[in-house]
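See below for the structure under consideration.
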Amino acid sequence: MLTASLFDQSGFSVRLGWGERGAKEASLTESLLIVCDVLRFSSAVVTAVHCGATVFPCPTYDDPAGAKSLARQHNAILAVHSRDVPEKGRYSLSPQSFLTVLPGEKIVIESLNGSICAALGDKGATVYAGCFLNAKAVAKAAQKEAEESGKPIMVLACGERSQLSDSEGELRFALEDYLGAGAILSHFTLSLSPEAEVCAAAWRGSKARFKELLWDCGSGRELREKGLGADVESVSQLDLYSVAPRLVQGEFADFS
Numbered sequence: 000m001l002t003a004s005l006f007d008q009s010g011f012s013v014r015l016g017w018g019e020r021g022a023k024e025a026s027l028t029e030s031l032l033i034v035c036d037v038l039r040f041s042s043a044v045v046t047a048v049h050c051g052a053t054v055f056p057c058p059t060y061d062d063p064a065g066a067k068s069l070a071r072q073h074n075a076i077l078a079v080h081s082r083d084v085p086e087k088g089r090y091s092l093s094p095q096s097f098l099t100v101l102p103g104e105k106i107v108i109e110s111l112n113g114s115i116c117a118a119l120g121d122k123g124a125t126v127y128a129g130c131f132l133n134a135k136a137v138a139k140a141a142q143k144e145a146e147e148s149g150k151p152i153m154v155l156a157c158g159e160r161s162q163l164s165d166s167e168g169e170l171r172f173a174l175e176d177y178l179g180a181g182a183i184l185s186h187f188t189l190s191l192s193p194e195a196e197v198c199a200a201a202w203r204g205s206k207a208r209f210k211e212l213l214w215d216c217g218s219g220r221e222l223r224e225k226g227l228g229a230d231v232e233s234v235s236q237l238d239l240y241s242v243a244p245r246l247v248q249g250e251f252a253d254f255s
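For the sequence shown, numbering that gives the first Met the number 0 assigns the number 0 to the initial residue and increments by one for each residue that follows.
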């Protein structure tokens, strides 16, 4: 009989996780978790923190009342849907919206991956935000902490919630998150699990064309159809920032 331990990538210092299940596995194994949601959450957090903001991921998803309550609690600005900028607010999950952030501003971001981060943070897990924009910096910070603490590292390719209900469930493969995870994994000098090693190899093989691949992949086309092609271009910048946002007491701040 197969057991879950066969698939937890134990014995390796750096591992690859996928979706909410991977996040739960990271919590169970007390791993340092790097959350990689390239087109939205991670890139938004990294950009905001680079520009001097503090980001609070909302612990609930699709709960306007909960998000507003969190914003009031921290005297923070609540990010809105991209379509509601600028009428209802300045910031959204669009990473570009944070380029004009004022240093010291506090911002609440509501997203599925943000709620996962917040839930794990409440349980004492160590959570970083990583993407193409800070791949090298976040890997460096996480490896340093892993070497000091003896904890393993999991890089989480978040995936995308599908609008279709089928036998495979709601989560669909997201090329951008897999390659983003690979970019981060490629910087570690610790032992990589086979899953992590293949992901890093996929990144190395695609690096020369990754901007083109993100532009033409399903998620990239989806954003372009919504008039958000500039977001795809903005998140496709490698190692633009040197910050390593880490979740501490419910807020992301630089830990580089």
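Positions of the beta carbon are idealized from the N, C-alpha and C atoms, including for glycine. Small disclaimer: the values here were computed from a predicted structure and weren't measured.
One alpha carbon belongs to Q95, the other to F209, and they sit about 19 Å apart. In the three-state DSSP reduction, A52 falls in the coil class, being neither helix nor strand. In the three-state reduction of the DSSP assignment, S93 falls in the coil class. Between A252 and V242, the alpha-carbon positions lie close to 9 Å from each other. E250 and S218 do not touch by the CB rule: their CB atoms are close to 28 Å apart, not below 8 Å. Fewer than three Cβ pairs drawn from the segment 99 to 115 and the segment 230 to 242 lie within less than 8 Å of each other, which leaves the two stretches out of contact.
Less than 9 Å divides the Cβ of G129 from the Cβ of A138. Taking I152 as reference, the option from F6, K23 and L32 with the minimal CA-CA separation is L32. The C-alpha of L184 is placed about 17 Å away from the C-alpha of G10. Rounded to the nearest angstrom, the gap between the Cα atoms of L239 and N133 is 6 Å. V79 is positioned such that its CB atom lies no closer than 9 Å to that of A195. For P63, the enclosing alpha helix (DSSP H) starts and ends at P63 to Q72. The continuous beta strand (DSSP E) containing L15 extends over residues V13 to W17.
The C-alpha of E29 lies about 13 Å from the C-alpha of E144.
Pairing V34 with S41, the inter-Cα distance amounts to about 7 Å.
Where K105 is concerned, the enclosing beta strand (DSSP E) starts and stops at K105 to I108.
Residue pairing for F131: DSSP places it in no beta bridge. DSSP places E86 outside both helix and strand once states are collapsed to three, so it counts as coil. Note on R245: 16 or more other CB atoms within 10 angstroms of its CB, so buried under the neighbour-count rule.
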